[in-house]
Amino acid sequence: MYQTDPPRPPKETLPTMYDLPSEYPEDSGLPDEFHLFQPQLLRETFCPPNYPAEEVFVASDLNLYYDLRHTLWYKRPDWFAAVGVSRLYEQQNLRLSYVIWQEGVAPFVVVELLSPGTEKEDLGQTLREINQPPTKWEVYERILRVPYYIVFDRYTDKLQVFQLVADSYSELELSTPQVWMPGLELGLGLWQGSYQGIERLWLRWYDASGNWLPTPLERESQRANRLAAQLRELGVNPDEL
């Protein structure tokens with residue numbers, strides 16, 4: 001009896017990140033400035049303390065390929081984060097897209113920012129069409145099994161959080177517009193403040209003490225304030241330096 005070689009894993013046989021398109025001409029562009037600024041704020045404040053920075057990957061408006069049998073099918077979340085995966089593709093290159101059979105790690109959290117044209121699909125209120133890819137909801141819930149799916153409507157400032165319980169999403173009842181995620185040791189909530197010179201409610205991350213995690217610009221400002229306070233304690237007026 002001849003011994004055959006074991007089948008090669010999908011990572012070796014299916015298209016890689018370099019083989020798959022990173023964008024399609026028919027895709028709609030970003031609908032407004034909010035879809036630029038809000039993902040940026042999420043990225044700048046996402047610092048899970050239980051994962052080193054080199055094992056955290058975040059992305060916005062990036063193709064997410066999810067189906068081994070249909071390798072060209074993808075979704076394009078407004079924002080998502082994966083943890084326990086290399087920050088760089090194969091620890092050396094920036095990603096063109098996120099290919100699940102190459103990465104081996106699904107996103108831990110996905111955020112969709114509601115737009116009038118995507119609201120029903122984002123909230124799982126549309127049915128899959130025959131011979132068409134599954135909806136976002138089906139992909140996040142049943143295929144990728146993303147633990148937390150966040151939906152935010154900037155027009156009504158409504159925050160909805162869906163947590164994967166067993167095999168389906170269950171909407172959490174929020175007494176305040178915040179949700180704590182033990183697996184990240186971080187919380188996500190609505191913050192009233194100014195970002196990029198725009199005052200409004202924003203989604204951002206907070207720590208176990210309930211403190212909003214600062215952006216790099218805020219950290220620099222805090223450092224400068226501490227230094228100024230130390231100089232004043234020494235009798236030096238920092239404004240005169």
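So in UniProt numbering, the last spot in the sequence shown is 241, and the numbers never skip.
No residue lacks a Cβ here, since even glycine has one placed at the ideal position from N, Cα and C.
Asked	Found
How long is the line joining the alpha carbons of ALA229 and ASN237, rounded to whole angstroms?	9 Å
Distance, Cα to Cα, LEU72 vs PRO107?	19 Å
Report back the beta-carbon spacing between LEU188 and MET181 to the nearest angstrom; my notes put them in contact at under 8 Å.	7 Å
Relative to the C-alpha of TYR74, which candidate in LEU88, TYR98, ALA81, PHE57 has its C-alpha closest?	TYR98
Between ARG43 and LEU62, is the Cβ-Cβ spacing less than 8 Å?	no
In angstroms with no decimal places, state the Cα-to-Cα distance between PRO132 and PRO15.	Note that residue 132 is Gln in the sequence shown, not Pro. Near 20 Å, if we compare the C-alpha coordinates of PRO15 and GLN132.
Give the straight-line distance between the Cα atoms of GLN196 and THR13, rounded to the nearest whole angstrom.	44 Å
Let's test the definition: count the other Cβ atoms within 10 Å of the Cβ of GLN122 and tell me whether it reaches 16, buried, or not, exposed.	Note that residue 122 is Asp in the sequence shown, not Gln. Buried, by the Cβ-count rule.
For the alpha helix (DSSP H) containing ILE100, name the first residue and the last one.	100-103
Can you check which of these residues, LEU159, ARG145, LYS158, is closest to ALA82 by C-alpha distance?	ARG145
Thinking C-beta only, is TYR89 closer than 8 Å to LEU20?	no
Determine the DSSP secondary structure at TRP79, reduced to helix, strand or coil.	strand
If I follow the unbroken alpha helix (DSSP H) through SER221, where does it start and stop?	216-233
Do VAL151 and GLN163 come within 8 Å of each other at the CB atom, strictly closer than that value?	no
Mapping the DSSP letters down to three states, classify TRP191 as helix, strand or coil.	strand
Please tell me whether MET17 and GLN102 are closer than 8 Å, where the distance is taken between their beta carbons.	yes
Taking the alpha-carbon positions, what's the ARG69 to PRO147 distance?	23 Å
With H, G and I counted as helix, E and B as strand and the rest as coil, what does DSSP make of PHE108?	coil
Expressed to the nearest angstrom, what Euclidean distance is found between the alpha-carbon atoms of THR118 and SER221?	38 Å
Which ranges would you report for the alpha helix (DSSP H) in the stretch 108-186 if only whole runs of at least 4 residues count?	119-122
Quick check: the Cα distance between GLY183 and GLY235, rounded to an integer number of angstroms?	46 Å
Alpha carbons only, please: which of ASN211, GLU33, LEU96, ASP32 is nearest the one belonging to PHE57?	LEU96
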